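Report on one structure; see the data block that follows.
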């Protein structure tokens with residue numbers, strides 16, 4: 001009987017089953033959902049921030065270019 | 076609205092409200108809001124940072140800031156982008172997407188730990204493999220299968236770098252193809268959108284001609300024989316045979332009477348109907364034509380269809396090469412290098428891109444080509460058949476003289492003729508109507524339903540008597556109206572080289588109208604250019620007299636002409652030329668040209684052509700310049716040259732790569748890179764304009780186009 005407990009494969013199977021049960025609980029847990037939603041929101045905000053930053057940089061570069069053209073008398 | 080001023084120079088101000096100030100859909104509406112100020116020359120808005128750039132004239136800064144203060148984006152509704160904006164947006168999106176993909180790839184390679192990078196590549200690669208398997212069961216051995224197999228083989232060999240490169244290059248090729256298609260679609264939409272017409276609005280006081288843009292939903296319009304129905308709607312009165320082939324593909328006309336629905340873009344072959352507007356049809360019609368160009372297998376250039384078939388038929392040989400190499404060399408690396416290099420993907424990508432780019436270029440030069448097939452035919456043609464009136468001659472023939480008989484005054488003859496002719500979109504009819512208008516003659520609608528007899532004339536009932544107007548053949552022979560020798564002598568003496576239209580009421584000749592139709596200024600040059608570009612025969616067909624036809628042919632250098640031609644003869648002549656082994660381009664404008672236009676290998680209608688001719692024609696010129704035909708010839712020949720050059724390059728370059736791979740001179744990764752790189756470069760090169768820069772610059776300045 002005790003030999004049975006020494007069997008590595010058994011422990012692997014038990015561990016796997018426990019991991020599945022625990023994993024299911026974790027996936028379904030309210031906290032997990034909250035973490036995922038807030039993570040996703042942060043990601044989306046980060047994307048919006050990056051877009052804003054990139055657009056502002058582009059605008060400013062455009063303005064500088066426009067000034068340079070005006071100075072050179074192109075426009 | 077709260078904002079900050081981030082740039083402020085005279086004539087140019089940039090305001091910024093920060094992100095989330097308005098949605099992407101409202102960008103156009105915000106820009107349009109500022110454009111309402113008459114001092115504003117241009118305005119643009121960007122949702123990412125809530126930025127608004129306004130360029131203005133004079134001292135409008137204060138007013139603009141007041142407008143910005145008052146701006147409430149909740150009250151704005153999304154507006155449809157102008158074509159110009161759409162094109163700019165497409166360009167920008169493509170650039171951004173391209174940059175995004177390149178940066179993503181560089182970051183992935185430089186920063187991600189190999190284990191994560193490889194996992195991402197495997198996950199994405201499995202997507203390609205799955206698509207390949209699906210394609211294998213649904214469509215057989217296609218390029219998708221080859222892509223899936225080569226990526227799968229790399230993954231099996233744990234060659235993640237090569238798999239990543241292939242996927243990256245495939246992605247870029249896809250982006251490029253999508254961009255070209257979208258841009259062509261937008262350019263075509265723009266080219267067709269300006270094609271606004273006038274419509275007959277039914278009112279209590281009779282029918283009134285109004286511009287299309289004034290038409291509203293719920294109005295009723297009258298559509299007569301030969302005209303295109305401009306709107307979607309319901310027939311409220313009258314009946315007519317409507318040709319719906321542009322919508323349904325069904326060539327036979329359908330009877331439409333009260334209560335039936337009709338659609339924009341369809342043509343009334345016979346009869347007259349009043350249509351209550353349900354939806355304004357500009358977009359519907361454009362969508363219809365674009366869909367036609369985009370989807371119809373029949374309209375694809377033969378060369379394009381052949382390329383696609385060829386591309387797919389080469390795939391099994393790639394697999395055969397892979398198998399044989401593996402069998403003979405027992406070296407999977409060498410075998411994979413065969414899969415890495417295939418001819419099909421370059422052929423399949425570069426040919427449609429070349430054709431689509433040429434279509435777009437044609438649209439940019441004011442020519443609407445309804446499919447790549449017609450460019451191919453245009454390049455292969457050796458004979459051009461011109462209709463004379465309205466095509467080779469001036470688009471606006473002028474009324475030179477009115478000859479009155481039988482106690483009717485010249486004014487009355489002209490007034491009656493104008494009244495009958497005004498419903499038909501032909502250049503001669505337009506000349507008579509204009510002649511009456513120039514003399515200040517007002518004509519009430521006193522006649523019954525008018526009947527158009529193709530290429531003969533018009534018949535109706537006026538004050539209880541049969542009134543006919545048209546050619547001598549129609550009036551004298553078909554209608555049995557007596558034209559005495561004295562009358563004919565008088566007409567011959569006064570008409571000179573002009574064409575003559577006869578008017579008879581109650582079986583008696585009441586008058587003759589002499590229409591002078593000078594050749595277009597550029598017609599001679601256009602014919603010379605066409606001859607230089609390899610067109611051997613230039614034929615002119617006309618319903619006019621022998622004298623008028625001969626004078627025009629001599630003046631323009633036409634190799635062959637036929638006068639006094641009836642429409643069925645035009646059609647038969649085109650068929651005869653085709654039977655004698657020539658490939659024919661038919662250029663026409665009138666309803667009477669439609670059968671001949673349909674019979675030719677490729678047909679072309681002028682900008683002022685009747686709807687039925689424009690519908691029947693494969694190519695429509697939106698400018699009134701005949702030299703555009705030579706430009707189109709140049710474009711189509713250059714397109715064929717480009718496609719053939721692409722073929723030669725693809726076969727030469729990829730064969731070299733195959734040989735180098737087989738002899739282990741280069742690795743599969745290098746051959747994949749070179750193969751995909753060359754495919755992309757070829758696609759990019761296929762997008763280059765086919766016409767020379769100087770030709771386009773000349774066009775911008777409005778000077779006569781020079782055929783280089």
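Chains as they are written, first to last, in our numbering: chain A, 1 to 75; chain B, 76 to 783.
Where a beta carbon is used, it is the ideal one built from N, C-alpha and C, also for glycine.
Fair warning: this is a prediction, and the values are worked out from it, not measured in the lab.
Exercise for the section: Determine whether the Cβ of residue 52/A lies closer than 8 Å to any Cβ atom of chain B. Expected result: Yes, residue 52/A counts as interfacial toward chain B.
Exercise for the section: Take the Cβ of residue 446/B as the centre, count every other Cβ of all protein chains shown within 10 Å, and call the residue buried at 16 or more, exposed below. Expected result: With 16 or more other Cβ atoms within 10 Å, it is buried.
Problem - Chain-order list of residues whose beta-carbon lies under 7 Å from that of residue 313/B (same chain, five-residue window excluded) - result: Closer than 7 Å at the Cβ level, and outside the excluded window around residue 313/B, lie 346, 347, 348 and 349.
Practice task
Go to residue 67/A, then tell me how far its alpha helix (DSSP H) extends in each direction, as first and last residue.
Solution key: For residue 67/A, the uninterrupted alpha helix (DSSP H) segment begins and ends at 30 to 72.
Problem - Residue(s) in a DSSP beta bridge with residue 318/B - result: Answer by DSSP bridge pairing, in chain order: 342/B.
Exercise for the section: Could you tell me whether the Cβ of residue 66/A comes closer than 8 Å to any Cβ of chain B? Expected result: The Cβ of residue 66/A sits closer than 8 Å to at least one Cβ of chain B.
Practice task
With a cut-off of 8 Å on the beta carbons, I'd call residue 478/B and residue 565/B a contact; round off their distance for me.
Solution key: Between residue 565/B and residue 478/B the Cβ distance is about 6 Å, and since that is below 8 Å, they are a contact.
Exercise for the section: Taking only beta-carbon positions, decide if residue 729/B is within less than 8 Å of chain A. Expected result: Answer no: the Cβ-Cβ gap between residue 729/B and chain A never drops below 8 Å.
Problem - Touch test, the segment 457 to 465 of chain B against the segment 618 to 633 of chain B, Cβ-Cβ under 8 Å, three pairs minimum - result: Touching, yes.
Problem - Near-chain A residues of the segment 109 to 126 of chain B - C-beta to any C-beta below 8 Å - result: Residues 121, 123, 124 and 126.
Exercise for the section: At 3 residues or longer, and completely inside the segment 720 to 744 of chain B: list those beta strand (DSSP E) runs for me, N to C. Expected result: Here no run is fully enclosed.
Exercise for the section: Output, in sequence order along the chain, the residues in the segment 76 to 94 of chain B whose CB is closer than 8 Å to any CB in chain A. Expected result: Within the segment 76 to 94 of chain B, contact with chain A at the beta-carbon level (separation under 8 Å) is assigned to 81, 82, 84, 87, 89, 91, 93 and 94.
Exercise for the section: With a 10 Å radius around its C-beta and 16 neighbouring C-beta atoms as the bar for buried, classify residue 633/B as buried or exposed. Expected result: In the assembly as shown, residue 633/B is a buried residue. Its beta-carbon has 16 or more other beta-carbons within 10 Å.
Handout entry: Cutoff 8 Å: residue 48/A Cβ touching any chain B Cβ
Key = Residue 48/A counts as touching chain B.
Handout entry: Three-pair Cβ contact test at 8 Å for the segment 443 to 457 of chain B versus the segment 277 to 289 of chain B
Key = No, the segment 443 to 457 of chain B does not touch the segment 277 to 289 of chain B.
Practice task
Compute the distance between the beta-carbons of residue 76/B and residue 140/B, then report whether it is under 8 Å.
Solution key: Not a contact, by the Cβ cut-off of 8 Å.
Problem - Nonlocal neighbours in the same chain, by C-beta distance under 7 Å from residue 688/B, ignoring five residues either side - result: For residue 688/B, where only same-chain residues beyond five positions count, the Cβ hits under 7 Å are 663, 664, 665, 666, 668, 669, 672 and 680.
Exercise for the section: Would you decide whether residue 134/B is buried or exposed? Buried here means 16 or more other CB atoms lie within 10 Å of its CB. Expected result: By the neighbour-count criterion, in which 16 or more other beta carbons inside 10 Å mark a residue as buried, residue 134/B falls on the exposed side.
Exercise for the section: Check whether the segment 595 to 615 of chain B touches the segment 474 to 491 of chain B, taking contact to mean three or more Cβ pairs, one atom from each stretch, closer than 8 Å. Expected result: These segments do not touch.
Exercise for the section: Sort 721/B, 415/B and 733/B by Cα distance to residue 757/B and report the nearest one. Expected result: Per the Cα distances, 721/B.
Problem - residue 249/B in three-state terms, based on DSSP - result: Three-state DSSP puts residue 249/B in a helix.
Exercise for the section: Give the range of the beta strand (DSSP E) segment to which residue 476/B is assigned. Expected result: Per DSSP, the unbroken beta strand (DSSP E) holding residue 476/B starts and ends at 473 to 479.
Practice task
Give a yes or no on whether 8 Å exceeds the smallest Cβ distance from residue 55/A to chain B.
Solution key: Output row for residue 55/A: interface = yes.
Practice task
Consult DSSP for residue 497/B and reduce its assignment to one of helix, strand or coil.
Solution key: DSSP places residue 497/B in the coil class of the three-state scheme, outside both helix and strand.
Exercise for the section: Specify the secondary structure class of residue 512/B as computed by DSSP and reduced to three states. Expected result: Judged by DSSP in its simplified three-state form, residue 512/B adopts helix.
Problem - Exposure of residue 64/A, with buried meaning 16 or more beta-carbon neighbours within 10 Å - result: Exposed is the call here.
Problem - Close Cβ partners of residue 763/B (< 7 Å) along its chain, the five nearest in sequence each way excluded - result: Excluding sequence positions up to five before and after residue 763/B, its CB lies less than 7 Å from no other CB in the same chain.
Practice task
Check residue 179/B in the structure and name its three-state DSSP category.
Solution key: Annotated three-state conformation of residue 179/B is helix, per DSSP.
Handout entry: Close beta carbons around residue 715/B, own chain, < 6 Å, minus the five adjacent residues each side
Key = Taken in chain order, the residues that qualify are 454.
Exercise for the section: Mind checking who residue 679/B pairs with in its DSSP beta bridge? Expected result: Beta-bridge pairing links residue 679/B to 662/B and 694/B.
Practice task
Using 10 angstroms around the beta-carbon of residue 545/B, count the other beta-carbons present and answer buried if the total reaches 16, otherwise exposed.
Solution key: Residue 545/B comes out buried.
Exercise for the section: For the segment 226 to 246 of chain B and the segment 406 to 416 of chain B, state whether three or more C-beta atom pairs, one from each stretch, are separated by less than 8 Å. Expected result: By the Cβ rule, the segment 226 to 246 of chain B counts as touching the segment 406 to 416 of chain B, because three or more pairs are nearer than 8 Å.
Exercise for the section: Have a look at the DSSP bridge pairing and note the partners of residue 700/B. Expected result: Partner(s): none; residue 700/B has no beta bridge.
Problem - Nonlocal neighbours in the same chain, by C-beta distance under 8 Å from residue 436/B, ignoring five residues either side - result: 710, 764, 765 and 766.
Exercise for the section: Within 10 angstroms of the Cβ of residue 62/A, are there 16 or more other Cβ atoms? Answer buried if so, exposed if not. Expected result: So residue 62/A counts as exposed.
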